[in-house]
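So the sequence shown is numbered by the UniProt record's numbering: it starts at 556 and just counts up by one. Yeah, the Cβ is synthetic: ideal placement off N, Cα and C, and Gly gets one too. Bear in mind that the values here come from a model prediction, so they are computed numbers and not experimental data. Data first, discussion second: the structure below is written as structure tokens.
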Amino acid sequence: AAKADGRGVHRFFRGEMSLRSNTRRLLELELRRALVEGELCLHYQPMFNMENREVIGFEALLRWNHPTRGIVPPNEFIWLAEEVGLIVPIGQWVMEQACRDAASWPGYINIAVNVSPVQFRERTFADQVVAALAASGLEAHRLEIEITERVLIADTAVTLAVLQRLHEIGVRIAMDDFGTGYSSLGYLRQFHFDRIKIDRSFVADLGAGDQESLAIVRAVASLSSSLNIATTAEGVENEQQFERLRAEGCDTVQGFLLGMPVPADDVARMFAAGAISAA
Ligand code: C2E
Ligand code: MG
Ligand code: MG
Ligand code: MG
556 AAKADGRGVH
566 RFFRGEMSLR
576 SNTRRLLELE
586 LRRALVEGEL
596 CLHYQPMFNM
606 ENREVIGFEA
616 LLRWNHPTRG
626 IVPPNEFIWL
636 AEEVGLIVPI
646 GQWVMEQACR
656 DAASWPGYIN
666 IAVNVSPVQF
676 RERTFADQVV
686 AALAASGLEA
696 HRLEIEITER
706 VLIADTAVTL
716 AVLQRLHEIG
726 VRIAMDDFGT
736 GYSSLGYLRQ
746 FHFDRIKIDR
756 SFVADLGAGD
766 QESLAIVRAV
776 ASLSSSLNIA
786 TTAEGVENEQ
796 QFERLRAEGC
806 DTVQGFLLGM
816 PVPADDVARM
826 FAAGAISAA
């Protein structure tokens, strides 16, 4: 899993091809401490309606505010949290915190929360979501859960039952990083997702005029529209990509062009300053 999911590992542990067990052990201990000591925090990245560029919601993105390393991004520690099971309490904290923050903002702003397959497979996962909504007072339809194809690979019947239960509560379900997995299309037949997020690798090549990426984006946008699923393009960094995506019929965008992930306090300030309209 370190190889598949820990893209940042080589930066974190300079030059090492694999993590020696004592290095791993140290990281695990540090991560346990991080959760207890409140070193984890959430940044929020806005999602925009493509037509009018209004904010329609935010995605919660986990950060580790490490005492000596500074802000550590999620790709550098989530893989380990998944391996040792720590992702379950961490994910629960993320769910609760994101719901609390979103409930404290004015207006009908949606909040998207990433959920790991390991967290999703916990028997109590749906109950945890229900509890986080109840504790925060956030309306269920304002919460969107982002899962990747990794969630759907195992235990299909159980997974679909959990998705169905969340759907019945009113929680929305998005498929994240669409197009990067093994069988993206097959999963669309099994469950009606509310949103497809087109992976940023496709968006990145759009600006350069890459015909293959354009064809894929076009096909996904057309497919989503005929299945009545919203489409969000991830990682939009320039106007050229923005215009292409709009022309192809994507309805929502996220990316550094329109908004970076920012701490919760900044979001609250944006509301207070009227920079975000509270619909
Ligand atoms: P993701 O859910 O696909 O999130 C999008 C990632 O792309 C974020 O990276 C975001 O900062 C980055 N991004 C957004 N716009 C741009 C852009 O214009 N250009 C570029 N180059 N990047 C952009 P981040 O925050 O480092 O998160 C990486 C991944 O870590 C996420 O990918 C998600 O899979 C995972 N993750 C983040 N927070 C959580 C969490 O609370 N729980 C779990 N289980 N996974 C999380
Ligand atoms: Mg996501
Ligand atoms: Mg994504
Ligand atoms: Mg991604």
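Item checked: Where Thr711 falls: helix, strand or coil (DSSP) -> Three-state DSSP puts Thr711 in a helix.
Check: Exposed or buried, Thr679, counting other C-beta atoms within 10 Å across all chains shown (16 or more means buried)?
Finding: Taking all protein chains in view, the Cβ of Thr679 is surrounded by fewer than 16 other Cβ atoms within 10 Å, so the residue is classified as exposed.
Next item on the list: Can you tell me the Cβ-Cβ gap for Val668 and Ala653, rounded? I've got them flagged as a contact below 8 angstroms.
Entry: 5 angstroms
Notebook entry, point to check: Okay, do the segment 630 to 644 and the segment 586 to 596 touch, 3+ Cβ pairs below 8 angstroms being the bar?
Noted result: The answer is yes - the segment 586 to 596 touches the segment 630 to 644, with three or more Cβ pairs under 8 angstroms.
Margin query: Closest to Ala776 by C-alpha separation, out of Ala712, Val649, Leu800 and Leu616, would be which residue?
Written below: The shortest C-alpha separation from Ala776 is found at Leu800.
Checklist line | Chain-order list of residues whose beta-carbon lies under 8 angstroms from that of Gln745 (same chain, five-residue window excluded) | finding: These residues qualify, in order along the chain: Leu707, Thr711 and Leu715.
Notebook entry, point to check: For ligand 1, any of its heavy atoms closer than 8 angstroms to the Cβ of Ala763?
Noted result: no
Check: Over what stretch of residues does the beta strand (DSSP E) that includes Trp619 continue unbroken?
Finding: Val610 to His621
Item checked: Supposed close pair Ile700, Val726 - CB separation, criterion 8 angstroms -> 6 angstroms
Next item on the list: Answer yes or no: do Phe826 and Pro661 have a C-beta to C-beta separation smaller than 9 angstroms?
Entry: yes
Next item on the list: Take Asn620 and list the residues in its own chain whose beta-carbon comes closer than 7 angstroms to its own, dropping the five residues that flank it on each side.
Entry: Glu594, Cys596 and Ile626
Check: Per DSSP, Tyr599 is paired with what?
Finding: Ala615 and Val817
Notebook entry, point to check: Whose CA, out of Ile633, Phe603 and Glu609, lies closest to the CA of Leu582?
Noted result: Ile633
Checklist line | Residues that DSSP places opposite Phe733 in a beta bridge | finding: In the DSSP assignment, the residues bridged to Phe733 are Ile753.
Note to self: Nearer than 8 angstroms: is that true of the beta carbon of Glu701 relative to any heavy atom of ligand 3?
What the structure shows: yes
Note to self: Short of 6 angstroms in beta carbon distance, which residues of its chain neighbour Ala788, apart from the five on each side in sequence? Order them along the chain.
What the structure shows: Ile753, Val758, Leu800, Cys805 and Val808
Notebook entry, point to check: What are the partner residues of Glu699, as DSSP defines its beta bridges?
Noted result: Ala667 and Arg727
Check: Does the Cβ-Cβ distance between Leu718 and Leu743 come in under 9 angstroms?
Finding: no
Item checked: Cut-off 6 angstroms between Cβ atoms - residues of its own chain near Arg562, not counting five sequence neighbours on either side -> Residue placement at Arg562 is poorly supported in this model, since its pLDDT is 47, which falls under 50; the coordinates still yield a value, given next. Correct list, in chain order: Asn630.
Check: What residues in its chain sit with their C-beta under 8 angstroms from that of Ala823, if we drop five residues either side in the sequence?
Finding: Within its own chain, the residues whose Cβ lies closer than 8 angstroms to the Cβ of Ala823, once the five positions on either side in sequence are excluded, are Ser659 and Trp660, listed in chain order.
Check: What are the boundary residues of the beta strand (DSSP E) that Ile626 is part of?
Finding: Gly625 to Val627 is the span of the beta strand (DSSP E), which, as asked, contains Ile626.
Check: Around the Cβ of Leu693, are there at least 16 other Cβ atoms within 10 angstroms (buried) or fewer (exposed)?
Finding: buried
Check: Any heavy atom of ligand 2 within a distance shorter than 8 angstroms of the CB on Glu614?
Finding: yes
Margin query: Comparing C-alpha positions only, which one of Ala689, Glu637, Ile784 and Tyr663 sits nearest to Ala609?
Written below: The sequence as given places Glu at residue 609; Ala does not occur at that position. Checking every option, the nearest Cα to that of Glu609 belongs to Tyr663.
Next item on the list: For the beta strand (DSSP E) holding Thr787, just list the boundary residues, first then last.
Entry: Ala785 to Ala788
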